[in-house]
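A.B. asks:
Protein chains in written order, with my numbering: chain A, 38 to 280; chain B, -2 to 219.
1. Excluding five sequence neighbours on each side, which residues of the same chain lie with their C-beta closer than 7 Å to the C-beta of residue 30 of chain B?
2. Report the partner residues of residue 55 of chain A according to the DSSP bridge assignment.
3. Could you list which residues in chain B have their beta carbon closer than 8 Å to that of residue 125 of chain A, in chain order?
4. Name, going along the chain, the residues of the segment 97 to 127 of chain A whose beta-carbon falls closer than 8 Å to a beta-carbon of chain B.
5. For residue 172 of chain A, is the classification buried or exposed, using 16 other Cβ atoms within 10 angstroms of its Cβ as the cut-off for buried?
6. According to DSSP, is residue 204 of chain B part of a helix, a strand, or is it coil?
7. In this structure, does DSSP put residue 161 of chain A in helix, strand or coil?
8. In chain order, which alpha helix (DSSP H) runs of at least 4 residues are fully inside the segment 118 to 175 of chain B?
9. Give the DSSP-derived three-state secondary structure of residue 232 of chain A in the structure shown.
10. Alpha carbon to alpha carbon, what distance is there between residue 216 of chain B and residue 82 of chain B?
11. Once you ignore the five residues that flank residue 248 of chain A on each side, which residues in its own chain have a CB closer than 6 Å to its CB?
12. Nearest chain B C-beta to residue 258 of chain A closer than 9 Å, yes or no?
13. Kindly list, in the order they appear in chain A, the residues whose Cβ is closer than 7 Å to that of residue 12 of chain B.
14. Using a beta-carbon distance below 9 Å, is residue 99 of chain B in contact with chain A?
15. Taking DSSP's pairing of strands, which residues face residue 66 of chain B in a bridge?
16. Going by CA-CA distance only, name the one from A:252, A:251 and A:243 that's closest to residue 74 of chain A.
17. Do residue 153 of chain A and residue 140 of chain A have their beta-carbon atoms positioned less than 9 Å apart in this structure?
18. Note down the Cα distance separating residue 188 of chain A from residue 236 of chain A, rounded to an integer number of angstroms.
19. Answer with yes or no whether the minimum CB distance from residue 208 of chain A to chain B is below 9 Å.
20. Comparing C-alpha positions only, which one of B:167, B:212 and B:186 sits nearest to residue 62 of chain B?
21. Tell me residue 252 of chain A's beta-bridge partners as DSSP assigns them.
22. Reducing DSSP to helix, strand and coil, say where residue 155 of chain A ends up.
23. Cutting at 7 Å between CB atoms, please list the residues of its own chain near residue 66 of chain A, excluding the five before and the five after it.
24. Can you tell me the Cα-Cα spacing of residue 45 of chain A and residue 59 of chain A, whole angstroms?
25. For residue 258 of chain A, I'd like the list of residues in its chain whose CB is within less than 8 Å of its CB, leaving aside the five on either flank, ordered along the chain.
26. Got a sec, what are the start and stop residues for the beta strand (DSSP E) residue 97 of chain A sits in?
27. Cβ of residue 138 of chain B within 8 Å of any heavy atom in the ligand PLP?
28. Excluding the 5 residues preceding and the 5 following residue 145 of chain A in the sequence, name in chain order all residues of the same chain whose CB lies nearer than 7 Å to its CB.
29. How would you call residue 54 of chain A, buried or exposed, if buried means at least 16 neighbouring beta carbons within 10 angstroms?
30. Between residue 136 of chain B and the rest of its own chain, which residues show a CB-CB distance below 7 Å, the 5 nearest in sequence each way excluded?
31. Comparing C-alpha positions only, which one of A:215, A:99 and A:174 sits nearest to residue 203 of chain A?
32. Against chain A, with Cβ distances strictly below 9 Å, would residue 82 of chain B count as a contact?
33. Considering just the uninterrupted stretch of the beta strand (DSSP E) at residue 224 of chain A, what are its terminal residues?
34. Name the residues in the segment 76 to 98 of chain A whose C-beta lies less than 9 Å from a C-beta of chain B; which are they?
35. So, do the segment -1 to 7 of chain B and the segment 127 to 143 of chain A have three or more beta carbon pairs nearer to each other than 8 Å?
36. Would you mind sorting residue 12 of chain B into buried or exposed? The rule is 16 or more other CB atoms within 10 Å of its CB.
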């Protein structure tokens, strides 16, 4: 079976700076791979290259069977990127945002509504403008957008940032569930304990190159404490301006 | 592409309906400019009457800069620009959607400004077919060029100051043609104004066509 991500000596430049300086990486379908490394190591750049946002300057880079050196546009609708930014319009409501991005991706609106329901956004938060939400609530909306698109490859950059404990459990559960359904997940996180409980492999990146690539010893697969949580509807509280 | 255009236009107009920036901020600026012209040139003087078409379009051009800046500031916040690139939306559709939403807002502003000219400057409107045709063609050209230069400037940190520098010279032909067309509609022989309308229509077609083709590259590279 062809790997979902296949990089050999992949180089990506930010200006003249080689943010990726020869990355070798392979990720198989259904794998959950934790990407770790110090600040500025190239984690975010690698995720953006995998999404097709940043170009590959040299080397081999194939994602979902597409050669990124020739075409980095056609894979974009097939990946879901959750970055530091939440990709939301402040002036629109939660439902407006989720439905807009779902329609843009030709996703089923029922999936969008179901995603909002899973993230605890279908109740009183549904018609609240995103500008009035807390950081954690915004992150939940961003996850709902990602979920509604049903991406084949999940690219998550510090996905737990801003989420409360319930939200983190919920996200981990969604990641595990997505992998079981056949999606592949590459995520960067500094929360190692939590990340290790869902990941199959840990890849370390430093200075723009992969320095270690190890399976998690004793890993039982994605059977972490989070399994079973996604079906819960979590009350995520009130928007900031509601007393 | 058309489906994506409708989706993007609907989103932009929904944002305006919720935020009311055009109504509460841009429109008052436009009306204030009209009043200031009235104060400066004396509403009873023949100079103001002669200058009305030009003043109208100068105000339209200035509010266009504000509206374009607003339209693309929406896409610059919180990584939305990257999300648009990842969305799978057709770049030409994004262009047409933003163009349509901008044109709709500018058209509404111009209708209010037209009433402002009648009330504040005491001008009677005449030559309606040419006036309306000019309004439509000039608005399309302004919105198309504005959308194109808006995305070009959107990725820059100095976009607020750079946008008028880029856009206003490009819109100079629209200012001239629309002013001449309005002058002939209001004070001259309206049939003499149609060549100016033709110029506006060609400008709008060129910029709309170019925008559909080039928007994707500008969204990627700027």
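Idealized CB from N, CA, C, for every residue including glycine. Note that the structure is predicted; figures quoted are calculated from it, not measured.
C.D. replies: Based on what the coordinates show:
1. As a working note, residue 30 of chain B is residue 33 in the second chain. Excluding sequence neighbours, residue 30 of chain B sits near 56 and 59.
2. Stepping through the first chain from its first residue, residue 55 of chain A is reached at position 18. Paired residue(s): A:50.
3. The count along the first chain starts at 1 and reaches residue 125 of chain A at position 88. Those are 75 and 77, listed as they occur along chain B.
4. Legend: CB atoms of the segment 97 to 127 of chain A lying less than 8 Å from CB atoms of chain B belong to residues 113, 114, 116, 118, 120, 121, 122, 123, 124, 125, 126 and 127.
5. The residue you call residue 172 of chain A lines up with position 135 of the first chain. Exposed: under 16 other Cβ atoms inside 10 Å.
6. Reading the second chain from its first residue, position 207 is the one you call residue 204 of chain B. Reduced to three states, the DSSP call for residue 204 of chain B is helix.
7. One-based indexing of the first chain puts residue 161 of chain A at position 124. If DSSP states are grouped into helix, strand and coil, residue 161 of chain A belongs with coil.
8. Counting only unbroken stretches of 4 or more residues, the alpha helix (DSSP H) elements lying wholly within the segment 118 to 175 of chain B are 125 to 151 and 156 to 167, in sequence order.
9. Reading the first chain from its first residue, position 195 is the one you call residue 232 of chain A. If DSSP states are grouped into helix, strand and coil, residue 232 of chain A belongs with the helices.
10. Start at 1 with the first residue of the second chain, and residue 82 of chain B comes out as number 85. Start at 1 with the first residue of the second chain, and residue 216 of chain B comes out as number 219. Distance from the CA of residue 82 of chain B to the CA of residue 216 of chain B, rounded to the nearest whole angstrom, comes to 8 Å.
11. The count along the first chain starts at 1 and reaches residue 248 of chain A at position 211. When the five nearest sequence neighbours on each side are left out, the beta carbons in the same chain lying within less than 6 Å of the beta carbon of residue 248 of chain A are those of 241, in order along the chain.
12. Here residue 258 of chain A refers to the residue found at position 221 of the first chain. Confidence at residue 258 of chain A is low in this model, with a pLDDT of 48, below 50, so the placement of that residue should be treated as unreliable; the coordinate-derived value is given next. For residue 258 of chain A, no Cβ of chain B is located within less than 9 Å of the residue's own Cβ.
13. Start at 1 with the first residue of the second chain, and residue 12 of chain B comes out as number 15. Those within 7 Å of residue 12 of chain B in chain A are 126, 128 and 129.
14. Position 102 of the second chain, counting from 1, holds the residue named residue 99 of chain B. Chain A, which has no Cβ nearer than 9 Å to the Cβ of residue 99 of chain B, makes this no.
15. Translated into the one-based positions of the second chain, residue 66 of chain B becomes position 69. Residue pairing of residue 66 of chain B in beta bridges, as defined by DSSP: absent, with no partner found.
16. In the first chain, residue 74 of chain A corresponds to position 37, counting from 1. It is A:243.
17. Residue mapping note: residue 140 of chain A aligns to position 103 of the first chain, counting from 1. Residue mapping note: residue 153 of chain A aligns to position 116 of the first chain, counting from 1. In this structure, residue 153 of chain A does not lie closer than 9 Å to residue 140 of chain A by Cβ.
18. Within the first chain, numbered from 1, the residue matching residue 188 of chain A stands at position 151. Within the first chain, numbered from 1, the residue matching residue 236 of chain A stands at position 199. Roughly 18 Å separates the two Cα atoms.
19. Here the question's residue 208 of chain A lines up with position 171 in the first chain. At a cut-off of 9 Å between C-beta atoms, residue 208 of chain A does not count as an interface residue with respect to chain B.
20. The residue you call residue 62 of chain B lines up with position 65 of the second chain. Considering only alpha carbons, the answer is B:167.
21. Residue 252 of chain A sits at position 215 when you count from the first residue of the first chain. DSSP lists A:238 as the bridge partner or partners of residue 252 of chain A.
22. Walking along the first chain from the start, residue 155 of chain A turns up at place 118. Look at residue 155 of chain A here: in three-state DSSP terms it is helix.
23. In the first chain, counting from the first residue as 1, residue 66 of chain A sits at position 29. Residues of the same chain with a CB within less than 7 Å of the CB of residue 66 of chain A, apart from the 5 flanking positions on each side, are 38, 41, 219 and 221 in chain order.
24. The residue given as residue 45 of chain A occupies position 8 in the first chain. The residue given as residue 59 of chain A occupies position 22 in the first chain. About 7 Å.
25. For this step, residue 258 of chain A is matched to residue 221 along the first chain. Reliability fails at residue 258 of chain A, whose pLDDT of 48 lies under 50, so the model's placement of it is uncertain and the value that follows must be treated cautiously. Contacts found: 237.
26. As a working mapping, residue 97 of chain A is identified with position 60 in the first chain. Segment 95 to 100, the beta strand (DSSP E) holding residue 97 of chain A.
27. No copy of the ligand PLP appears in this structure; indeed no ligand is present at all.
28. Counted from its first residue, the first chain places residue 145 of chain A at position 108. Leaving aside the five residues that flank residue 145 of chain A on each side, none in its chain has a CB nearer than 7 Å to its CB.
29. Sequence index remark: in the first chain, residue 54 of chain A carries index 17 (1-based). Of the residues assessed, residue 54 of chain A falls on the exposed side of the cut-off, its CB having fewer than 16 other CB atoms within 10 angstroms.
30. Indexing the second chain from 1 puts residue 136 of chain B at position 139. Beyond the five residues adjoining it in sequence on each side, residue 136 of chain B comes within less than 7 Å, by CB distance, of 100, 103, 104 and 107 in the same chain, given in chain order.
31. Taking the first chain and counting its residues from 1, the one referred to as residue 203 of chain A is at position 166. Nearest C-alpha to residue 203 of chain A: A:174.
32. Numbered from 1 along the second chain, position 85 holds the residue referred to as residue 82 of chain B. Taking Cβ atoms only, chain A reaches closer than 9 Å to residue 82 of chain B, which makes this a yes.
33. Within the first chain, the letter at position 187 stands for residue 224 of chain A. It spans 221 to 225 - the beta strand (DSSP E) in which residue 224 of chain A sits, taken as one unbroken run.
34. Against chain B - using a Cβ distance shorter than 9 Å - the residues of the segment 76 to 98 of chain A are 85, 88, 89 and 90.
35. Contact between the segment -1 to 7 of chain B and the segment 127 to 143 of chain A is present, because at least three Cβ pairs lie under 8 Å.
36. Looking up residue 12 of chain B in the second chain gives position 15. With 16 or more other CB atoms across the displayed protein chains lying within 10 angstroms of its CB, residue 12 of chain B is buried.
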